[in-house]
Structure formats: C-alpha cells, structure tokens
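Enquirer: One structure coming up, written as structure tokens, with questions to follow.
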Amino acid sequence: MRHTRTDDAGLKLLTSPPVFDSLYTFCSARDLVHISRTCNGASQAVSNYLTHTLTVDLCRMLARFFDTQSAVLEFRRLQAKYQFLISGSAALQLLDRTVYPKSDLDLYLFPNDAQVIGNWLIEHGYTYSPYQRNGPSRQTFEEALASMPRPMAQLSAAQQRIRNLYGLPGVRDVLNFKKPLYMGKGKGKARAMEEGQDGTPMLDDDPVIEVQLIVSDITPYEAILKFHSTVVMNIVTWDRAIALYPLGTLEQRRTMVTHSTSDGYWKAIRKYTDRGFTLYADLSRFNDDFTRGAFRFGPRFFGDSQSWVVPLDTTGIDAPKEPVAVEGNSWEIYWNDRKASFAVQVATTPAGLFHHNYCICDDFLIFLKDMYSGGLDTEWFKGLPTVTSGEDMDIDTGHAPDLDVPTRLYHDVDVLDLLKMLFFDRRREHEAMKTDTTKTAVTFQKPDYMSGIDEINHLGPL
893 MRHTRTDDAG
903 LKLLTSPPVF
913 DSLYTFCSAR
923 DLVHISRTCN
933 GASQAVSNYL
943 THTLTVDLCR
953 MLARFFDTQS
963 AVLEFRRLQA
973 KYQFLISGSA
983 ALQLLDRTVY
993 PKSDLDLYLF
1003 PNDAQVIGNW
1013 LIEHGYTYSP
1023 YQRNGPSRQT
1033 FEEALASMPR
1043 PMAQLSAAQQ
1053 RIRNLYGLPG
1063 VRDVLNFKKP
1073 LYMGKGKGKA
1083 RAMEEGQDGT
1093 PMLDDDPVIE
1103 VQLIVSDITP
1113 YEAILKFHST
1123 VVMNIVTWDR
1133 AIALYPLGTL
1143 EQRRTMVTHS
1153 TSDGYWKAIR
1163 KYTDRGFTLY
1173 ADLSRFNDDF
1183 TRGAFRFGPR
1193 FFGDSQSWVV
1203 PLDTTGIDAP
1213 KEPVAVEGNS
1223 WEIYWNDRKA
1233 SFAVQVATTP
1243 AGLFHHNYCI
1253 CDDFLIFLKD
1263 MYSGGLDTEW
1273 FKGLPTVTSG
1283 EDMDIDTGHA
1293 PDLDVPTRLY
1303 HDVDVLDLLK
1313 MLFFDRRREH
1323 EAMKTDTTKT
1333 AVTFQKPDYM
1343 SGIDEINHLG
1353 PL
C-alpha cells in the first residue's frame, strides 16, 4: 500500500478547492498571508481563493444596490471607464469579508464625472435626494450640478479656511441618491430576503438604499487619504481591492485618528468603534514601532509592501484607455507636535505633469523637483513608447520652458513605476553610504527627499 507523504498531504489540503473554500473562510487576512508563503502551490491557492471570494462578495454587495447581475456588470464597466473608487464601509466590509447591514455605497469620483455617474444612477431607478442643508437652490440633480462649489484652487485663502473647517478635506461636493428596495415588480413593498441570498445582507435591511457620489476636488485618492482615520483607508478600484493599513485594521482592529476637524467627525468615528475597532488619537496610547509596525511612518505608496492588494476578476470588463497609476499615489503619516495629533502629509501633482492627477508625499515631490530642475535624463525613458518628446516642464506650474525632455507623460503607470524605482534606488544608495564604514571620509549632503530614511528599516518591494 502506497502512503502519501506528509508534505504532499499538506499541500493537497492547502490547494484543493473544495477544502480551501471551507478552510480559508475561517482564516484572517494575516493567516492567509502566512499560508501563501509556505509554498508556490499554497500561494496560488490563496490568490485564487481571494480573487474568487472577493469578486463574488463584491457582486453580491452591488446587487443590493443594482438588483441584477447584468446591472452589476454594467456598473463595473462604468467604474472601469471613469476609474472612480468604492470606499467607506463598502470597501472595508469587502476586505474584512463581513457584512455591515444598512450600509450605503460611497463612490469617490474624479472632479468632472458627477454628471455621467449621476445620470446612470437615475437611469437605474435612483432619485437625487438633496441634504437639508443644501437649501432651495439645489433641489434637483441639475441644480446641484449647476451650483457645485468651486475647486479649492479657485478660492481665496479665507474661503479655503472655511471649506477646510466645515467641509470634507479633498472633497468638492457630496451628491446623495436614494432608491426603495422593491420585491419583484410590486411597488411600495420593501424587499426583505433571507440573509445570504444574492443582493441583500440582512432581514432588517432598510426600505430605502443610498448611493453617495463624493466628488473630489482634485483626485479621489486625496479624499481617501484625508479620511478621519485609517480604518476607512481602503479602496476598491475596477480591478483590485486595496487595504492601506491591513495589519492595524483587519488584524489588530485598531484605527489611528488622522483628521478630526471635519463636521460630523465623532458620528463617523462612533460608527466604527461600535463595529469593534479601537480608537487611537494620542501618541501615548500607542505601544507601536513606527518604523516597522502597523502604522509605519515615512513615505508610503498605494500597493506597497505594507498594503494588502487583492486582484478582482474582470471578465467582461474592458480596461480603461488611460489607466490611473493607482500605485503612483503616495502619502506619509507623522506626529504633529503643534496639534498633538497624527496627521497625513500629502500634496497633489501639478496639472499637466501626468495624464491624471496624483497624491504625492513631500519626499517624492522634492525628488521629482530635483530631477526636473536638473534636466530629466531621457535615457531613463527609452523603451517607453508612450512618452512624447517635447520641452522641459516646471513642476510647480506645469509650464514647459525650452529643454528637450518629456512634457506629457501619457502612460502614467509606466512613468510612475520608473520614477518610484529611481526614488527608492537613491534612498537605498544613501542607506548604503551611511552604513558603509569604509566611506567615512566621504562627505554626503542628504537631499530633502531622503529625509526619514534613518527611521526606515524595511523599504519593501514596490
């Protein structure tokens, strides 16, 4: 009789779909990461499980808002075309593989896409529902579009302070849409199906569901990074789901407060503490290693080694013509001594530098300025057919004076991947020079974009 070797039996257990579909359901995100590191077979099995499970869960969640799977597919195609983000409770419950009953769907849009997305919702049974504070001039969707607040860049300093005090950071406007949950064709009867059936999470679902269009001032990624706390810094794009603080959020159930001045802050925070998350706003409450822990200081990029990224099944969905370089967005968390609070440091790329606008941390921005002011070496861009040759660009203004280097970098993904590689190469070079005792006689002026390297022990693959 032939006996199966122990390691073969374990591999079979880890990679057999009927088994891992049942087994992996009880594993936390961290458990799944550990399992995936045991062998290539387990890695592929975990990847397949997550892609399948999160895609099914996403479609089930969206079916609650859009009734049929054909409408869900149409919605996902719309998301791919306009590259808006799903965030808030919807993104968190998807990555946490749980269900928050009665939750809304929050869509974070680029500045000019509200009209087309809003009209799509209206075509699918939704009605624009103005907030009471909007006043009589914004009672219809058309009126709301016509009276949308001006972009932050067009406001005076005093107006910007008022917007920052009473508005949502990085957000130009919020448009609310509602639709009753019907059962079949019977109007006026709220749909109430058993838990676990397609499209409805719980028996006590609200009779009316809401979709919010959060129109960003510059880019939806800025609005995400300027959330009240890290627990909601999760996104679902058209082709992947990303948790920016998976260890703190999904494993430790902790959230770090990063912005506390917006209207309704405590109400928003209370919603997540009621869901079992512990709130940390004071540095003294943290017993954390901020160089390697769940809330690492220093430059971060979407999709970096500290993030958790799950690809989604995109069968039947065409990729966008000019894809947003999701992983090109960067930020940094730091402790603000003056305000005695944590804060997110993030700026946005100047208009005209890339096809889309991006969030960018100070270190990376200074690095780009250093490269462009010194004359961008076009040798770096050989092999990128999407880069056009033109004049040099002033990174502060987006204006191109007279040097022969790329002016419009059309495929943002390729260019930002390259720039990130150069950025981290230079940081590693500095780290090597700092630790190499044989070079003590060399005087090295550390550029500003390398500030913080002393505190970072693990750069991780990007």
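The opening position of the sequence shown corresponds to residue 893 in this note's numbering, with each subsequent residue numbered one higher.
Heads up, the beta-carbon is just placed ideally off N, CA and C, and yes, glycines get one too.
#1: Mind checking residue 1053: buried by the 16 CB within 10 Å criterion, or exposed?
#2: Does the distance from the C-beta atom of residue 1236 to that of residue 1134 stay below 7 Å?
#3: Ends of the beta strand (DSSP E) at residue 1012?
#4: Where are the beta strand (DSSP E) runs, 3 residues long or more, that stay fully inside the stretch 928 to 973, in chain order?
#5: DSSP puts residue 1148 in a beta bridge; with which residues?
#6: So, at 6 Å on beta carbons, what are the nonlocal neighbours of residue 1126 in its own chain, with the 5 sequence-adjacent residues on each side left out?
#7: If you drop the 5 nearest sequence neighbours on each side, which residues of the same chain put their C-beta closer than 8 Å to that of residue 949?
#8: Taking residue 1229 as part of the alpha helix (DSSP H), name the residues at either end of that continuous run.
#9: I'd like the list of long-range same chain contacts for residue 1212, defined as Cβ closer than 7 Å, with 5 residues on each side in sequence excluded.
#10: Could you spell out the range, first to last residue, of the beta strand (DSSP E) harbouring residue 1102?
#11: In angstroms with no decimal places, state the Cα-to-Cα distance between residue 1175 and residue 1068.
#12: I'd like the span of the beta strand (DSSP E) that includes residue 979, first residue to last.
#13: For a quick check, are the C-beta atoms of residue 1021 and residue 1071 less than 7 Å apart?
#14: DSSP has residue 1202 in a bridge; who is on the other side?
#15: Mind reading off the beta-carbon distance from residue 1192 to residue 1227? Whole number of angstroms is fine, and I expect it under 8 Å.
#16: Counting along the chain, where does the alpha helix (DSSP H) carrying residue 1037 start and finish?
#17: Compute the Euclidean distance between the alpha carbons of residue 1049 and residue 1233, then round it to the nearest angstrom.
#18: On the DSSP bridge list, what partners appear for residue 1251?
#19: Report the rounded CA-to-CA distance for residue 1046 versus residue 941, giving the unit in angstroms.
#20: Could you spell out where the beta strand (DSSP E) holding residue 1065 opens and where it closes?
#21: Would DSSP call residue 1060 helix, strand or coil?
#22: What is the rounded straight-line gap between the Cα of residue 952 and the Cα of residue 918?
#23: Would you identify the three-state DSSP class for residue 1190, choosing helix, strand or coil?
#24: In chain order, what residues of the same chain have a beta carbon less than 7 Å from the beta carbon of residue 1114, not counting five sequence neighbours either side?
#25: Answer yes or no: the CB of residue 1208 versus the heavy atoms of the ligand ADP, is any distance below 6 Å?
#26: For residue 1118, is the classification buried or exposed, using 16 other Cβ atoms within 10 angstroms of its Cβ as the cut-off for buried?
#27: Among all the DSSP beta bridges, which residues are the ones paired with residue 1117?
#28: Under DSSP, the alpha helix (DSSP H) around residue 911 begins and ends at which residues?
#29: What's the call for residue 911, buried or exposed, on a 16-neighbour Cβ count within 10 Å?
#30: Could you tell me the distance, in whole angstroms, from the CA atom of residue 1231 to the CA atom of residue 1122?
#31: Between which residues of its own chain and residue 1030 is the CB-CB distance below 6 Å, once the five residues before and five after are set aside?
#32: Using 8 Å for Cβ pairs, my map puts residue 935 next to residue 1124. What's the rounded Cβ distance?
#33: For residue 918, which three-state DSSP category applies?
#34: Using 10 angstroms around the beta-carbon of residue 1099, count the other beta-carbons present and answer buried if the total reaches 16, otherwise exposed.
#35: Where residue 1249 and residue 908 are concerned, what is the direct C-alpha to C-alpha distance, given to the nearest angstrom?
Expert: Here's the rundown:
#1: exposed
#2: no
#3: Here residue 1012 belongs to no beta strand (DSSP E); instead the alpha helix (DSSP H) covers 1006 to 1015.
#4: none
#5: 1172
#6: 983, 984, 987 and 1135
#7: 986 and 989
#8: Run containing residue 1229: none; DSSP gives neither H nor E here.
#9: 972, 973 and 975
#10: 1100 to 1108
#11: 36 Å
#12: 977 to 979
#13: no
#14: 1133
#15: Their Cβ separation, rounded to whole angstroms, is 15 Å, which puts residue 1192 and residue 1227 out of contact at 8 Å.
#16: 1033 to 1038
#17: 24 Å
#18: 1240
#19: 47 Å
#20: 1063 to 1072
#21: coil
#22: 20 Å
#23: strand
#24: 1062, 1108, 1238, 1240 and 1251
#25: Judged by which ligands are present, the structure shown has none, so any question about the ligand ADP falls away.
#26: buried
#27: Answer by DSSP bridge pairing: none, since residue 1117 is not bridged.
#28: 909 to 915
#29: exposed
#30: 18 Å
#31: 1022, 1036 and 1039
#32: Between residue 1124 and residue 935 the Cβ distance is about 29 Å, and since that is not below 8 Å, they are no contact.
#33: helix
#34: exposed
#35: 43 Å
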